[in-house]
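A short write-up of the structure that comes next.
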Amino acid sequence: MNSYQPSIIEPKWQKEWEKAKLYLTNEQTNKPKYYDLVMFPYPSGNLHMGHVRNYAIGDVIARYKKMKGFNVLHPIGWDAFGLPAENAAIKHKAHPADWTDSCIERMSKQLKRLGISYDWSREVNTSKEEYYKWTEWLFLKFFEKGLACRKKAKVNWCPDCQTVLANEQVKEDKCWRCATLVEEKPLEQWFLKITDYSERLLKDLEKLKGWPEPVKTMQRNWIGKSRGVEIKFEIRNPKSENKELLIYTTRPDTLFGVTYMVLAPEHPLVDELIKGTKYEKEIKTFKEKVRHETLHEREESSGKEGVFTGAYAVNPANNQEIPIWISDYVLMEYGTGAVMAVPAHDQRDFEFAKAHNLPIKIVIKGGNRDVQSQVSDDKAFVDEGIMVNSAQFDGQPSTEGLKNIGDWLAGKKAGKWQTHYKLRDWLISRQRYWGAPIPIIYCEKCGVVPVPEKDLPVKLPKNIKFTGKGASPLTEVKEFVEVKCPKCKAPAKRETDTMDTFICSSWYFYRYCDQKNSKEAFAKDKVNYWIPIDQYIGGIEHAILHLLYSRFFAKFLFDQKLIPIDEPFSNLLTQGMVVKDGAKMSKSKGNVVDPDHIIEKYGADTARLFILFASPPERELEWSDKGVEGCFRFLNRVWRLATEKSQTPNKSETNPKSELIKKTHQIIKAVTEDIERLSFNTAIAKLMGFVNYLNSNKDSFIRHSSFVIRHLLTMLSPFAPYMTEELWNKLGNQESIHLQSWPSYDPQLAKEEMLTIVVQVNGRIRDTLLVSPDASDDEIKQKAHASEKAKNFIAGKNIAKTIVVPKKLVNIVVK
RNA sequence: GCCCGGGUGGCGGAAUUGGUAGACGCAAGGGACUUAAAAUCCCUCGGCUGAAUAGGCUGUGCCGGUUCGAAUCCGGCCUCGGGCACCA
């Protein structure tokens, strides 16, 4: 008998499987299809534990479903465009394409070493022409339908490097390379009109029964639908008569409590209001200060800083004059860039009013709560209640008053009902080289002209200089920029911005269905066969952006009749982070653990097993090298069980009543149910328990029964594919274990013979009973009442009632 | 700041629908085997009390509530993590 040596058997089977083309998939079969998708990696250079976790989960599902008789598509590829390649180019003077390719080469090797059952013939790489040609083509489709448009938007601008910075490149308001204070600079940029799909993106969340509820809630809040009223406030200012100020509020019921207005500092009215007044200087200083704050900081702002403009507005409810202020807590991007402030009933307004000594007027009273004292207690009253100080609306519940005031304003043309969404259009322009070019040409005569389909792809030029300074490198390449207008043939200029990499990752799973197609992005029949994705697995950090963008793409493609469904992912598993030292393991943070040394020491099977066993998939997993050892020991125990010879080889092993057979059926049932609910850690725990049971059995025949070993190995094969294959082969099987069926169980044999019933007195456990599963509730109740241990606690008291929970417990309530 | 999660022994976790808290694994302690070590196997292992592997009390971040019964449901708080639109 030789010992378990993963370093020998793993490379051997990796080659064998490749030779046998074990994991290639096609559509020519009668089996039901199953599309198992993992979020494709960004080729950062090295696999980290987060990848291992993601792909181990995906692989267990793929192998399990295959054994259950499904035709499984389990592909992999590379989200290969992006910022880090360009940064590497600046740092190491390597071309982004070469850097990316070498990263992919390394990571492919690591993935193969892990023994993941990918169909590598379908590998996609978003940075290759044969892929980004179709990314560009999809952009043209959006453009054709009027869903791609140009608008002004701000970018982070480093005045020293003369370059646009990503949010990640801004550290505490400063450029990460030269520490210059970053400014915001408006640029004309491309957007996809995802807001046209707001309502569908929101409503269809209801269809996603296989999605975790928290992810749906996050998306719902992100889309942020609200019903409210747009209200017109007249401005009373001698210099600007007849001006109006529009605000949007979801709380028209608090209208009578408005004591001041706040504008975003960049609101177009501000300059008009202050022109030539004594307030002009102070306001301008404040605006300059705010200009240097990023959007993020402004959202975090406590809302206490602001300046009075000197102007007044009139509350349409009661004609009261109220002062107009500006503050950084109001954002131009949301609503109308102005708010009516109701300090008594909004916490931010409340804090602002306190800081600037503005009046606080209560217009809603809470049932028996003393609103007056709460408000003096430094807290706004934000709940529903009864309206007061609101003229004809006094006495109404605020929920009714909300509707009535809205209608009243609409009636006198001072306001109108509106539906708002927080979701903003998707800014896709990036002033960078390493991305899919936006296929647009600007002609002086013809304007914005799309590149004709036949001219796709717009190729990224190879000869590029990277300095990290100045404009995007593409603007420096004459042959790229200077083109003829496709319409009038006059000299024209090519768009030099590239697309957000989220575009590339919003459609890659369709390309997997038909990866080699050079005529189309994907053939309809292939996509119709595989889509929707039955199980999608990836990090919780993608809960909003990637998943929302992909849903938007699916809806658009569905509308263009390119795909058969408008929700791409039927079931979603959001795996928790693998963290180390309390922080997210990520390429950008640099606290990455290299899986290679675990594989070298214990083998890929142990690495996979441990990462699945250490924590349930959706929960965070704190990496620690301890515990890996335990999984390695477990695999060794299985190895010994399967390779040691039974001392009594001729005994019959098929007696269906035997404890061993029953136990085996019970374990198959338990493990199957655990895998079905994606509870891999408990599935492994149950297999460990089974091995302990076999090992502790004195009867060597039972320990080494081939019936039991066969089932143990097949159940373990999705988790530890190499070792189980080796043992399967050693047992004399010709065909791979990965082509076997998942073991089935007989529900009769899997049944427990006796049930343990807990006896409680007043909810505290006093005894347990062993009863047959057929025992009636009355019978169990009687036995419980007869329990000597329970009697000690009943004695001298009256039994008020007895609760029987079938198959679980009896609770005797005494007084 | 806003939105979404998590918090259970010394540690990772289990408890699937409100019904025996601590499965399985790690660490620790004790023992067997061995010249010895490694490996392997066996036993103990939340806390207090107790001779006890009898029993009792207590215990799932904190405070309170609902219930015959709460790790699980509700209210409030503390704390850690994710996301916040140019990292992917």
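This note's numbering numbers the first residue of the first sequence as 1011 and each following residue consecutively.
Quick reminder that beta carbons are idealized off the backbone N, C-alpha and C, glycines included.
The model shown is predicted, which means the values in this text are computed figures rather than measured ones.
- Considering only Trp1167, Lys1043, Ser1054, the residue with the shortest C-alpha distance to Ala1072 is Lys1043.
- Contact check between the stretch 1439 to 1449 and the stretch 1494 to 1513: three or more CB pairs, one atom from each, fall below 8 angstroms, which counts as touching.
- Annotated three-state conformation of Ser1746 is coil, per DSSP.
- Counting every other CB atom within 10 Å of its CB across the protein chains shown gives Asp1524 a total of 16 or more, marking it as buried.
- In this structure, the beta-carbon distance from Asp1435 to Lys1291 does not fall below 9 angstroms.
- In the DSSP annotation of this structure, the continuous segment of the beta strand (DSSP E) that includes Lys1161 starts and ends at 1158 to 1168.
- Non-local C-beta neighbours of Leu1555 in its own chain, meaning closer than 7 angstroms and more than five positions away in sequence, comprise Phe1512, ordered along the chain.
- Approximately 7 angstroms separates the beta-carbon atoms of Val1820 and Gln1770; this is inside 8 angstroms, confirming the contact.
- Under the DSSP assignment, Trp1335 falls in the beta strand (DSSP E) whose first and last residues are 1331 to 1337.
- Listed as beta-bridge partners of Glu1240 by DSSP are Tyr1258, Lys1426.
- By alpha-carbon distance to Glu1463, the top candidate from Cys1456, Ile1451, Ile1474, Ala1502 is Ile1451.
- Cβ-Cβ separation between Tyr1431 and Ile1233: approximately 6 angstroms, consistent with a contact (criterion under 8 angstroms).
- With a cutoff of 9 angstroms on beta-carbon distance, Ala1420 and Glu1454 are scored as not near each other.
- The DSSP-derived three-state label of Ser1439 is strand.
- Judged by DSSP in its simplified three-state form, Glu1194 adopts strand.
- Selection Ser1716, Ile1609, Leu1470 evaluated against Lys1119 yields Ile1609 as nearest (Cα-Cα).
- Thr1616 places its beta carbon less than 9 angstroms from that of Leu1645.
- As the crow flies, the alpha-carbon of Arg1687 is around 28 angstroms from that of Trp1130.
- When Lys1031, His1552, Leu1749 are compared, the shortest CA-CA separation from Val1048 is found for His1552.
- Annotation for Met1725: the continuous alpha helix (DSSP H) segment containing it runs 1716 to 1726.
- With contacts defined by Cβ atoms closer than 9 angstroms, Thr1319 and Val1280 form a contacting pair.
- Distance between Leu1032 and Gln1024, taken at the CA atoms: about 10 angstroms.
- Scanning its chain for C-beta atoms nearer than 6 angstroms, with the 5 sequence neighbours on each side dropped, one finds around Glu1276 the residues Met1342, in chain order.
- Ranked by how close their Cα comes to the Cα of Lys1811, the residues Gly1068, Lys1799, Gln1792, Lys1818 have Gln1792 in first place.
- Per DSSP, the beta-bridge partners of Phe1201 are Cys1159, Leu1437.
- In the structure shown, the three-state DSSP call for Arg1246 is strand.
- Around the CB of Pro1278, fewer than 16 other CB atoms lie within 10 Å, so the residue is classed as exposed.
- Under DSSP, Gln1585 shares a beta bridge with Gly1549.
- Partner residues in the beta bridge of Lys1811, as assigned by DSSP, are Val1823.
- One thing to note: Trp1335 has its Cβ within 9 angstroms of the Cβ of Tyr1270.
- Comparing alpha carbon positions, the residue from Leu1212, Phe1729, Ala1794, Phe1153 closest to Val1461 is Phe1153.
- DSSP places Cys1453 inside the beta strand (DSSP E), whose first and last residues are 1450 to 1453.
- In the DSSP assignment, Pro1731 falls within the unbroken alpha helix (DSSP H) covering 1731 to 1740.
- Under the three-pair Cβ rule at 8 angstroms, the stretch 1061 to 1079 counts as touching the stretch 1739 to 1753.
- Around the Cβ of Asp1393, a 10 Å sphere holds fewer than 16 other Cβ atoms; the residue is exposed.
- Taking the C-beta atoms as reference points, Leu1572 is found nearer than 9 angstroms to Ala1531.
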